[in-house]
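Asker: Quick one: the structure is below, questions incoming.
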Amino acid sequence: MKTIKLGKTGMDVPVLALGCMRLADADRKQAAEYFRTALDLGLNFFDHADIYAGGRSEEVFADLVRESGVSRDKLILQSKCGIVPGKMYDFSKKHILESVDGILKRLNTDYLDVLLLHRPDALMEPEEVAEAFDTLEAAGKVRHFGVSNEDPNTLALLQKYVRQPIAADQLQLSVTNASMIEQPMNMNIGDDRNLDRDNGVLNYCRLHDITIQTWSPFQYGFMEGVFLGNEKFAALNKVLEEVGARYGVSSTTISLAWILRHPAKMQAVVGSINPKRIAECAKAAEIELSRADWYEIYRGAGHRLP
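Going by my numbering, the sequence shown opens with residue 2, and the numbers climb by one from there.
Here it is in structure tokens:
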């Protein structure tokens, strides 16, 4: 499996991470096959969050690890905290420390390789976050830290106080949801495609060696549905099929290869728990789209070249 460096951590990680949000919904046989397939493909980076199925997904994962007999050092475990569902976001020191203790207990592990703050907290006090990170690192409970869905100014504010380098920013990106790519290409054009919805986060992360982890790589809108096989995106699907045929792979594979082709060296987070689909996704790591093919897909999604 192709790897990249995760931020400034020095860690080599697979270009695909497996999101575990749906793991609690799988029957045990399917879950076990999913886990075996992932490891056989070299996909050992698993992305969790304390809110996934109310923590149940982390517990199911711990069962899979125990039943498989795989050693902890063969796995890269990431989880997220900070969302109090339906109520608020909470980046207080108390909440972060208590959340990590719960995560470790559910995952049945002594440490997380990576902890992400899950969504921005408007009441974030960066000094308090810094204290929490230092406490967790000193206790050996978390080795590296990152965020999700944060813009450059919030990243810069946090990094001013946090001693550890921010390793990753988990952001929504797919060929249809590509405003962070589209806006800079429409710079100095007087229409709504020049509206900056991402505050230049793509180039900020590249400048500061922060790995972008892309969530929902097959979704359009804000998790409104998948674009693959969707009649709303007939032109895009036609292009994906044609490009896929040239490389001998599916539209699923090509959609991920489109993300991985970007020179920012992103890590795509795939949420499927279907073993066959995971294998299909893994093939994207073996493909490097030509520049012409990448732009053909970009245009097929309705993005313009001004």
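Ideal Cβ placement from N, Cα and C applies to all residues, glycine included.
Can you list, in chain order, the residues of its chain with a C-beta nearer than 8 Å to that of A63? Leave out the 5 residues immediately preceding and following it.
Answerer: For the purposes of this step, residue 63 is taken as the residue at position 62 of the sequence shown. Correct list, in chain order: R107, L108, N109 and T110.
Asker: Would you list, in sequence order, the uninterrupted alpha helix (DSSP H) runs of no fewer than 4 residues that lie entirely inside the region 102-144?
Answerer: DSSP runs (the alpha helix (DSSP H)) wholly in the region 102-144: 127-139.
Asker: Only counting the same chain, and skipping five residues up and downstream in sequence, which positions put a Cβ closer than 6 Å to that of P86?
Answerer: For the purposes of this step, residue 86 is identified with residue 85 of the sequence shown, where counting begins at 1. Result list for P86: I52, in chain order.
Asker: Which runs of the beta strand (DSSP E) spanning at least 3 residues fall entirely within the region 201-230, listed in chain order?
Answerer: Whole beta strand (DSSP E) segments, 3+ residues: 212-216.
Asker: Which class does Q184 belong to by DSSP, given the choice of helix, strand or coil?
Answerer: Reading the sequence shown from its first residue, position 183 is the one you call residue 184. Looking at Q184 - three-state DSSP - the assignment turns out to be helix.
Asker: Within 10 Å of its beta-carbon, does L306 have 16 or more other beta-carbons around it, so buried, or fewer, so exposed?
Answerer: The sequence position of residue 306 within the sequence shown is 305, counting from 1. Per the 10 Å Cβ criterion, exposed.
Asker: Between the region 142-156 and the region 169-188, are three or more C-beta pairs nearer than 8 Å?
Answerer: Yes, since at least three Cβ pairs between the region 142-156 and the region 169-188 fall closer than 8 Å, the two stretches touch.
Asker: With the cut-off set at 9 Å, would you say F7 and F47 are in Cβ contact?
Answerer: One-based indexing of the sequence shown puts residue 7 at position 6. One-based indexing of the sequence shown puts residue 47 at position 46. For clarity, residue 7 is Leu in the given sequence; the question names Phe instead. Not a contact, by the Cβ cut-off of 9 Å.
Asker: Please list, in chain order, all residues of the same chain as T155 whose beta carbon is under 6 Å from its beta carbon, the five residues on each side excluded.
Answerer: Reading the sequence shown from its first residue, position 154 is the one you call residue 155. These residues qualify, in order along the chain: P121.
Asker: For E132, I'd like the list of residues in its chain whose CB is within less than 8 Å of its CB, leaving aside the five on either flank, ordered along the chain.
Answerer: In the sequence shown, the residue the question calls residue 132 occupies position 131. Same-chain partners within the cutoff: K94.
Asker: May I ask you to list the residues that DSSP assigns as paired with F46?
Answerer: For this step, residue 46 is matched to residue 45 along the sequence shown. Answer by DSSP bridge pairing, in chain order: I77.
Asker: How many angstroms separate the CA atom of N275 from the CA atom of L65?
Answerer: Taking the first residue of the sequence shown as position 1, residue 275 is located at position 274. Taking the first residue of the sequence shown as position 1, residue 65 is located at position 64. Answer to the nearest angstrom: the Cα atoms are 15 Å apart.
Asker: Do the region 238-248 and the region 198-208 touch if we need at least three Cβ pairs shorter than 8 Å?
Answerer: Short answer: they don't touch.
Asker: I260: which of Q214, F36 and I279 sits nearest, CA to CA?
Answerer: What you label residue 260 is simply residue 259 of the sequence shown in a count that begins at 1. That would be Q214, whose Cα lies nearest to the Cα of I260.
Asker: Could you give the distance in angstroms between the alpha-carbon of E34 and the alpha-carbon of E225?
Answerer: Looking up residue 34 in the sequence shown gives position 33. Looking up residue 225 in the sequence shown gives position 224. Going from the Cα of E34 to the Cα of E225 covers about 28 Å.
Asker: For the beta strand (DSSP E) that contains Q31, what are its first and last residues?
Answerer: Against the sequence shown, residue 31 aligns to sequence position 30. Segment R29 to D41 is the alpha helix (DSSP H) holding Q31; no beta strand (DSSP E) there.
Asker: In whole angstroms, give me the CA-to-CA distance for R300 and A140.
Answerer: Your numbering for residue 300 matches position 299 in the sequence shown. Your numbering for residue 140 matches position 139 in the sequence shown. Taking the straight line joining both Cα atoms gives about 49 Å.
Asker: Taking all protein chains shown into account, do 16 or more other C-beta atoms lie within 10 angstroms of the C-beta of N178, making it buried, or fewer, making it exposed?
Answerer: Locating residue 178 in the sequence shown gives position 177, where the first residue counts as 1. Answer is buried; the Cβ neighbour count reaches 16.
Asker: Do you know offhand how far S72's Cα is from K81's?
Answerer: Position 71 of the sequence shown, counting from 1, holds the residue named residue 72. Position 80 of the sequence shown, counting from 1, holds the residue named residue 81. In a straight line, the C-alpha of S72 is about 22 Å away from that of K81.
Asker: Rounded to whole angstroms, what is the Cα-Cα separation between E183 and Q31?
Answerer: Within the sequence shown, the letter at position 182 stands for residue 183. Within the sequence shown, the letter at position 30 stands for residue 31. Near 38 Å, if we compare the C-alpha coordinates of Q31 and E183.
Asker: From L24 to D41, what distance separates their C-alpha atoms?
Answerer: Counting from one through the sequence shown, the residue named residue 24 turns up at place 23. Counting from one through the sequence shown, the residue named residue 41 turns up at place 40. Taking the straight line joining both Cα atoms gives about 18 Å.
Asker: Would you mind reading off the limits of the beta strand (DSSP E) that contains I279?
Answerer: Residue mapping note: residue 279 aligns to position 278 of the sequence shown, counting from 1. From DSSP, I279 is part of no beta strand (DSSP E) but of the alpha helix (DSSP H) over P276 to A283.
Asker: Near A236, what residues of its chain come up, given a Cβ to Cβ distance below 7 Å and the 5 sequence neighbours on each side ignored?
Answerer: In the sequence shown, residue 236 corresponds to position 235, counting from 1. The answer, listed in chain order, is G301.
Asker: Just the Cα atoms here: how many angstroms apart are R144 and D192?
Answerer: For the purposes of this step, residue 144 is taken as residue 143 along the sequence shown, with counting starting at 1. For the purposes of this step, residue 192 is taken as residue 191 along the sequence shown, with counting starting at 1. Their Cα atoms are separated by approximately 44 Å.
Asker: If you draw a straight line from the C-alpha of G56 to the C-alpha of G83, how long is it?
Answerer: Along the sequence shown, read from residue 1 onward, the residue named residue 56 stands at position 55. Along the sequence shown, read from residue 1 onward, the residue named residue 83 stands at position 82. In a straight line, the C-alpha of G56 is about 13 Å away from that of G83.
Asker: Only counting the same chain, and skipping five residues up and downstream in sequence, which positions put a Cβ closer than 6 Å to that of Y205?
Answerer: What you label residue 205 is simply residue 204 of the sequence shown in a count that begins at 1. For Y205, where only same-chain residues beyond five positions count, the Cβ hits under 6 Å are P153.
Asker: Between the Cα of N195 and those of M22, H304 and T38, spot the shortest distance and give me the residue it belongs to.
Answerer: Within the sequence shown, residue 195 is the residue found at index 194, counting from 1. The residue with the shortest Cα to Cα distance from N195 is H304.
Asker: Have a look at I104 and T136 and give me their C-alpha separation to the nearest angstrom.
Answerer: By 1-based counting over the sequence shown, the position of residue 104 is 103. By 1-based counting over the sequence shown, the position of residue 136 is 135. Going by the C-alpha atoms only, they are around 16 Å apart.
Asker: Quick check on S100: buried or exposed, where buried means 16 or more other Cβ atoms within 10 Å of its Cβ?
Answerer: For this step, residue 100 is matched to residue 99 along the sequence shown. That one is buried.
Asker: Where does I5 sit, in a helix, a strand or coil, going by DSSP?
Answerer: Taking the first residue of the sequence shown as 1, we reach residue 5 at position 4. It is a strand residue.
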